[in-house]
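Asks: Okay, handing you the structure first.
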Amino acid sequence: MKHSTKWVSYHAIKPYLTLWRQHWQGMGLGVLLGVITLIASIGLLIVSGWFLTATALAGFSALMIKNFNFYTPAASVRFLAVARTAGRYFERIVTHQVTLTILTQIRIKIWQRLQGIATYQLRTLRKGDVLNRLLTDIDTLDQLYLRGLTPVAHYLILSCIAVLVLAWWSWTIALVLLLGLGAVGISLPWLGYQLFYSSRKLEQQAVVAYREQVFELLSTQTELTVAQAWKRKYQHLAEFEASLYQAQIRIVQRQGVLQALMIVLHGLVVIAAITGLANFVLTEQITGPIYAAIVIGSMALMEWLLPLMQSGGHIAASVLAAKRINELEDKSLALSYPDNTAVVKKGEIEFCNVEFGYHKDACLLDDFCLFIEAKGKYLIRGESGRGKTTLLNLIARIYDAHSGKVLLDGLDIKDYSEASLCQAITYIEQQAQIFSASLKDNLTLALADGGQVEDEILWQALKQVGLSYLADENGLSLWIGEGGRALSGGEKQRLSLARALLRDSPIVLLDEPTESFDSETEQHILNLIAEIFSEKTVLLVTHRELELSDYSVVRV
């Protein structure tokens with residue numbers, strides 16, 4: 286079971302390791318600069334320890350003071366101090382540049398993947414959760430290189446250097462050091478990973494739940510105010526916040542325990558250096574300055590070992606973040622489209638023995654047949670849950686029928702390219718999609734990428750749907766606000782109709798576009814739709830019983 290868990294963890298971060306491999310030059314340079322910085326830092330302490338001790342001993346004799354070389358060690362101290370500062374500066378620049386570049390590529394990759402996910406699967410994702418994955422989880426991945434893998438690489442390189450240097454003096458001691466460094470290099474990251482994986486997972490779950498509640502709170506302010514439910518909602522939010530704090534406290538407590546172990550380990554190393562080398566000084570195998578240099582150098586190991594100790598926790602956090610991001614990528618891709626040049630010209634639609642259901646056990650459409658004439662106007666009626674919107678979704682190919690065919694101009698809908706279907710169909714959903722942008726930007730969303738249209742045409746579209754008054758003061762630059770907050774429900778639907786007027790598509794699908802209108806206004810809008818889309822095939826879903834001479838009625 287443990288082997289399986291390790292494999293799953295590696296499998297989660299494997300795509301990102303592959304991506305980082307493409308930037309091996311920058312990553313390698315960052316690791317090299319980090320090693321140089323650590324060598325300079327440790328070397329600074331060692332040289333300083335030797336220099337101070339040697340100077341003190343030289344002071345006991347006038348002859349020794351006269352012959353003592355102050356300049357070389359003093360210059361070495363200055364050089365190592367400058368090298369440490371410069372190395373740290375350039376190491377941060379290089380590693381962060383590589384990390385930010387990789388995170389940018391990850392975000393682009395995820396956005397491209399989201400665009401290819403089937404629409405029905407996108408609708409199952411909560412907005413707050415998706416936002417958390419795109420922002421927090423991707424940002425967490427920067428820990429994998431900066432705080433996870435880089436300290437391990439530093440430790441391995443410095444360990445090899447230390448063993449080789451010591452082997453020049455004593456192979457026996459070098460072999461003992463190699464075994465000790467190897468044990469520490471394996472045990473510390475492993476211990477950190479095991480210690481923090483479960484607590485990081487709890488923290489991640491608490492963060493996701495808390496952010497979803499905050500998002501829900503902000504998006505339902507009006508309803509909470511009307512219902513006077515603010516206090517109850519705040520109490521509910523406070524419970525999630527308390528759970529988040531508990532998870533973070535647990536992490537801090539474990540960090541404290543691990544850091545305490547690290548301090549104890551470091552103390553044991555320093556004591557071992559003091560006692561173990563004392564006999565070499567007494568037997569004059571090493572001098573006093575060398576003894577002091579080694580002891581002080583052992584004190585610098587905290588700068589070397591502390592990042593290694595923390596690397597396991599950062600790797601655990603990165604693995605958990607990678608798993609959540611991968612869940613987005615594991616969603617089924619959207620429907621496949623052929624590379625076909627066929628286009629829809631007339632707008633004729635036919636359902637041939639179609640079977641479809643959202644669940645395996647419930648068939649919504651069973652052997653359904655329907656013929657829609659080109660340029661015909663149809664009202665689709667029926668009780669809620671009978672499949673009115675489903676018909677529009679099948680025509681727009683948001684879903685595919687389980688069996689049977691949907692034909693456009695006599696050709697199977699599956700034989701049209703995605704671009705052809707987008708050009709052929711205008712779909713106005715029940716919930717108007719209004720963006721936080723200007724009035725003009727919301728209108729021109731209907732155009733193909735890069736499409737341009739004169740302002741006069743936009744004014745004409747607004748006038749046709751009775752919204753020209755919106756632009757009286759600020760013109761087309763009027764700011765609509767997030768979700769169209771500045772507009773009423775009816776104005777949002779009219780804006781969607783104005784947007785549809787800008788599209789030259791033979792088929793127009795409308796899902797209850799008059800839901801927000803009274804009966805009189807609804808009848809006016811339906812007559813307006815029949816008039817402005819007179820040369821197009823129109824399917825309009827409604828649950829109201831209206832008798833309009835321009836429309837044929839289809840009941841499902």
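Under our numbering, the very last position in the sequence shown is 841; numbers go up by exactly one each time. Think of the CB as a built atom: it goes at the ideal place given N, C-alpha and C, for glycine as much as any other residue. Values in this document were obtained by computation on a predicted structure and should not be read as measured data.
1) Judging by CA-CA distance, which residue of Glu-640, Ala-686, Gly-313 and Ala-371 is the nearest neighbour of Pro-436?
2) Who are the Cβ neighbours of Ala-366 in its own chain at under 7 angstroms, not counting the five residues just before and after it?
3) Report yes if the C-beta distance between Ser-596 and Ala-709 is below 7 angstroms; otherwise report no.
4) In three-state terms, what does DSSP make of Lys-673?
5) Buried or exposed: Gly-775, going by 16 or more other Cβ atoms within 10 Å of its Cβ?
6) Look at the alpha carbon of Gly-470 and the alpha carbon of Ile-298, and state the distance between them as a whole number of angstroms.
7) By the 10 Å Cβ neighbour count, where 16 or more other Cβ atoms means buried, how is Arg-496 classified, buried or exposed?
8) Flag this pair as touching only if the region 459-470 and the region 570-586 have three or more C-beta atom pairs under 8 angstroms; answer yes or no.
9) Classify Ile-792 as buried or exposed, calling it buried when 16 or more other Cβ atoms lie within 10 Å of its own Cβ.
10) Could you pull out every unbroken alpha helix (DSSP H) segment of at least 4 residues lying fully inside the region 429-484, listed in chain order?
11) Measure the C-alpha to C-alpha separation of Thr-799 and Leu-811 and round it to an integer number of angstroms.
12) Buried or exposed for Lys-291, going by 16 or more other Cβ atoms inside 10 Å?
13) Check the DSSP bridge columns for Phe-272 and list the partner residues they point to.
14) Taking Leu-229 as part of the alpha helix (DSSP H), name the residues at either end of that continuous run.
15) Between which two residues does the beta strand (DSSP E) carrying Asp-796 extend?
16) Note the first and the last residue of the continuous alpha helix (DSSP H) segment covering Arg-784.
17) Going straight from the alpha carbon of Tyr-836 to that of Ser-723, what length do you get?
18) When DSSP labels each residue in this structure, what does Thr-822 get in the three-state scheme?
19) Can at least three beta-carbon pairs, one atom from the region 489-506 and one from the region 520-538, be found at a separation below 8 angstroms?
20) Under a Cβ-count criterion, where at least 16 other Cβ atoms within 10 Å of its own Cβ denotes burial, should Ser-289 be classed as buried or exposed?
21) What separation, rounded to the nearest whole angstrom, lies between the Cα atoms of Leu-550 and Gln-540?
22) Buried or exposed for Phe-653, please, with buried defined as at least 16 other CB atoms from any protein chain shown within 10 angstroms of its CB.
23) What's the gap between the Cα of Tyr-712 and the Cα of Ala-681?
24) Grouping DSSP H, G and I as helix and E and B as strand, with all else coil, what is Leu-730?
25) Quick one: what does DSSP say Ser-250 is sitting in, helix, strand or coil?
26) Among Leu-443, Ile-391 and Trp-309, which residue has its Cα nearest to the Cα of Val-379?
27) Taking 7 angstroms as the threshold (C-beta atoms), are Leu-780 and Lys-725 in contact?
28) Going by DSSP, which residues form a beta bridge with Leu-693?
29) Which whole-angstrom value describes the C-beta separation of Leu-824 and Leu-794, a residue pair presumed to lie in contact below a C-beta threshold of 8 angstroms?
Replies: So, from the data block:
1) Gly-313
2) Leu-329
3) Cβ atoms of Ser-596 and Ala-709: not closer than 7 angstroms.
4) helix
5) buried
6) So the alpha carbons of these two residues sit roughly 21 angstroms apart.
7) buried
8) With a cut-off of 8 angstroms, the region 570-586 and the region 459-470 do not count as touching, because too few Cβ pairs lie within range.
9) buried
10) 435-454
11) 8 angstroms
12) Residue confidence is low: Lys-291 scores 48 on pLDDT, short of 50, so the model does not pin down where it sits. Its coordinate-derived value is still stated next. The residue in question, Lys-291, is exposed, as its Cβ has fewer than 16 Cβ neighbours within 10 Å.
13) Here the chain has residues from 286 to 841 only, and residue 272 is not among them.
14) Shown here, the chain extends from 286 to 841; a query on residue 229 therefore has no answer.
15) 792-796
16) 774-786
17) 34 angstroms
18) strand
19) yes
20) With a pLDDT of 43 at Ser-289, under the threshold of 50, the modelled position of that residue is not reliable, and no figure is offered here.
21) Distance between the alpha carbons of Leu-550 and Gln-540: 15 angstroms.
22) Its Cβ being crowded by 16 or more others within 10 Å, Phe-653 is buried.
23) 8 angstroms
24) In the structure shown, Leu-730 sits in coil (DSSP, three-state: anything other than H, G, I, E or B).
25) As shown, the chain starts at 286 and ends at 841. That puts residue 250 outside it, with no answer to give.
26) Trp-309
27) no
28) Ile-634 and Leu-696
29) 5 angstroms
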